[in-house]
Each structure stands twice: as C-alpha cells, then as structure tokens.
Ligand SMILES: Cc1cc2nc3c(=O)[nH]c(=O)nc-3n(C[C@H](O)[C@H](O)[C@H](O)COP(=O)(O)OP(=O)(O)OC[C@H]3O[C@@H](n4cnc5c(N)ncnc54)[C@H](O)[C@@H]3O)c2cc1C
C-alpha cells in the first residue's frame, strides 16, 4: 500500500493523517477537504469564539503546522464528488481524478436545518464561518431565540447570555438534552440557565419563522415571539452521501467493523460519519459526535491501515461548557439500568450508571472542572475494569474512587 487518501480534513481526518506518519507510513498521503482551512478544532466555535472579545481564528488541530511538516499532500477548498470503487479512483469537484490504494472517509456531519416554513432564517453552527457569522449577529442582537435545547443550542444560549443578550430557548421535547444527558443533570443545567436569566420553554412546536423588519417572528404553540436573531440547534446529520452513492453499507452513519473498515475493506470510516460496534457494549452500534471519538478513531484507522488488528475500543466521552459549568459524560449511559449519585460539594454531582450485574458502564458529572474532571477520569478507568462495584462506595464522597480501582 503506497497511496492513502483521506476524504475530509476535520478532526478525524487530520488525526488519521498525523497518526499514519507517526506510525511510520512513508507512502503518498493526501488529505482532501472542502473547507479552506487546515483541520481545526470545532469545540471552541460555540464557546470562546462567540464570547471572547478578540476576533476568533481557527485553532488548528495539531497546534502550529504539524500537518505541513509531515509531507502530507493537503488539498483544500475542493470536495470529493464521487468514489469510483471499481477503479479505486476519486472524482474531485474541480474535475481532477485521484487514485487510491486505501481510503479513509472522515466527512463528519452537517447541522440539521429546520424543516418548516421560514426554517432557512435560523442560523446553524458547524464551521468556523458559521461561528463568525453567529458572533457578529449575536453581538448585534438584543433578543435571541434558540430553537433546540441540545448541547450546541445550550452552549450558544450560555454564550449569548454571557454577552447579556435576552435569550429564549424553545425545545420540542419535554426535557432538555435528552439525546446526551441523564435527566437529573439536564434539570440542573436547565436550572442554571434559568438562574442566569435564560427563558426556557419545553414541549414547544415551532410552526414557522417570518422575517419582520430587521428581525424575525417565531410562530409556535406558545404564540408569536419576536427576535433579532433565530438560531437552530437541532442536531447534526452524518455526511454519508459519498458512501451511499458508492454503494457502501450505511445506516445512521457509514457502517464499519471493529477495525473501522466499511463494507469495502479498502475503505475505512472515522469520526462523526461512522457507525461502529464497541467491544465494551456488545450487541450495540453507535455513532458519536464527539471530539475524542474523532481524534481516537482517526488514529485507530491509521493503525488498521498499518497492519493492526485491534478493535477500536476508545470509550465514548464528551464534554460541554456552559457558564462556569462543565458537563462530562464517559461511557454509554443507555447501557445502564441503575443510577448511583455522588455529591461532590459546591453543587457538583457525579452519576454512576450500572448495568444489571453492577458493572459501571457510564459516569456523568456536572460542576466546575476542578470538581469533576479528576473524578470522571477515575470513573473512566473503573468502566474499563468491567468489575462489579459497590453502590454504597460509589455514592460515598468519602471513598476515593482510586481505592475502587
Ligand atoms: C460547534 C461545535 C461544538 C462542539 N463542541 C464539542 C464539545 O464541547 N465537546 C465534544 O466532545 N465535542 C464537541 N463537538 C463535536 C466535535 O467537534 C466533532 O465530533 C468533531 O469535529 C468531528 O470530527 P470529524 O472529523 O468527524 O468531522 P468534521 O470536524 O465535521 O470534519 C469533516 C470535514 O470533512 C469535510 N468534508 C465532508 N465531505 C467532504 C467531501 N465530500 N470532500 C471533501 N471534504 C469533505 C467537511 O467540510 C469537514 O471539514 C462540537 C462540534 C461543533 C460543531
């Protein structure tokens, strides 16, 4: 194998490229991205990029120009339009064609747009340019309506509120953060937003968004509300169109095996676009939209291509920052059947999710990073041990989690 091409120059694609070179691969390596930037970090886009006084700049994933030093052929501002598997060739949007021996698909996800009349007026956030636009528009606004009480919507609500804008969050579900976060912590996040002055309405059906003057009117089951800016935070969809057109198996993401190979063994998929099995949670597949998974799966795909046979086993983990709170969840909350809470002081809470055999399968923490960061790291090691745990010891803040290891 002497010609590896990576499609998608985001976190996962960039990490795969670096890991291939770090792993000793010396052949041709091309990284193709439709954005104009070198691979950059997305997490700051809903946080620092909005609130910091200085104009934001993309934060490259490797810090500095590591990718530039690794003899990687970087193609920016060009998309892969098609994969011709029979010829092992890619068709690029500028008419060029490019052969490959092995291909890594790291195409990520796109923000879901609101499928209702006037839905196009709601700004969404995925790219650096989206963040620049939102930053300007939030700063110019007095009233902001955020549609969707998921992680990105709530981070943007916190950012807008930090800038003292009047903020309303409209959520269709009867609770916030259903997809990602246990109810107890989601309620605590909600309470914090309310304390900060954010209005939160749940169970709201949005009907349409009309422009009015320089702003908008959002018509919903609550009635009509005016805002200078409407933001949509209703989730993301995996970018699978290339894979579908190429006849690869796709179901809520590009299906891969334990080594991250798609239904075509010469093509791997990583990051937000991939749907993979996890050895710690047998019988389940998952697709994660989380920074660590992008990082780790990119690096793992490199190992597979370099001859490794290990199953991809990085534990799911994500964080979210809102105000001075950090929410961190490690493992798979849905795999748990019982919850044990540990109070850490200063309002910080850690939840342990146990399966029916008393094994820790996930831990979720909310509080300041000082309170929960270390605990979540220890919980992660406990999850990896797969040993049954005593609920009483987990609940007792006097018992150091290190002792349970
Ligand atoms: C605003 C925001 C905040 C986030 N905050 C957090 C957080 O706090 N904590 C956390 O854990 N995670 C967070 N995430 C999630 C994390 O950033 C993503 O999981 C991660 O970026 C996924 O990496 P990826 O490489 O799979 O996809 P992306 O980073 O989306 O990269 C995919 C790249 O592929 C390109 N591409 C797609 N199709 C083609 C094509 N056909 N040809 C060429 N290029 C193509 C895209 O343009 C894009 O540049 C956040 C995400 C966003 C958007």
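Residue numbers (the working numbering): 651 to 1055.
Note that the Cβ used here is the ideal one computed from N, Cα and C, for glycine as well.
As the structure is a computational prediction, the values presented were derived from the model and not from experiment.
Classify residue i as helix, strand or coil using the three-state DSSP reduction.
i, result
"residue 947", "helix"
"residue 688", "coil"
"residue 983", "helix"
"residue 917", "strand"
"residue 1034", "helix"
"residue 849", "strand"
"residue 656", "strand"
"residue 771", "helix"
"residue 1040", "coil"
"residue 1019", "helix"
"residue 964", "coil"
Compute the Euclidean distance between the alpha carbons of residue i and residue j, then round it to the nearest angstrom.
i, j, result
"residue 866", "residue 785", "18 Å"
"residue 668", "residue 949", "8 Å"
"residue 753", "residue 916", "6 Å"
"residue 779", "residue 823", "29 Å"
"residue 973", "residue 1016", "12 Å"
"residue 709", "residue 698", "11 Å"
"residue 1047", "residue 832", "20 Å"
"residue 909", "residue 756", "15 Å"
"residue 715", "residue 691", "14 Å"
"residue 903", "residue 660", "17 Å"
"residue 750", "residue 868", "49 Å"
"residue 1014", "residue 1005", "15 Å"
"residue 849", "residue 843", "8 Å"
"residue 1007", "residue 987", "9 Å"
"residue 961", "residue 871", "48 Å"
Apply the 10 Å Cβ neighbour rule to residue i and answer buried if 16 or more other Cβ atoms are within range, or exposed otherwise.
i, result
"residue 711", "buried"
"residue 651", "exposed"
"residue 744", "exposed"
"residue 925", "buried"
"residue 938", "buried"
"residue 676", "exposed"
"residue 805", "buried"
"residue 1055", "exposed"
"residue 882", "buried"
"residue 730", "buried"
At what residues does the alpha helix (DSSP H) containing residue i begin and finish?
i, result
"residue 701", "698–701"
"residue 817", "Premise fails: residue 817 lies in the beta strand (DSSP E), 816–820, not in any alpha helix (DSSP H)."
Tell me which residue opens and which closes the beta strand (DSSP E) that residue i is part of.
i, result
"residue 876", "873–877"
"residue 860", "856–862"
"residue 795", "793–797"
"residue 802", "Looking at the DSSP string, residue 802 is not in any beta strand (DSSP E); the run it does join, the alpha helix (DSSP H), is 801–812."
"residue 790", "Not the beta strand (DSSP E): residue 790 falls in the alpha helix (DSSP H), residues 778–790."
"residue 934", "That residue, residue 934, is in no beta strand (DSSP E); it is neither H nor E in DSSP."
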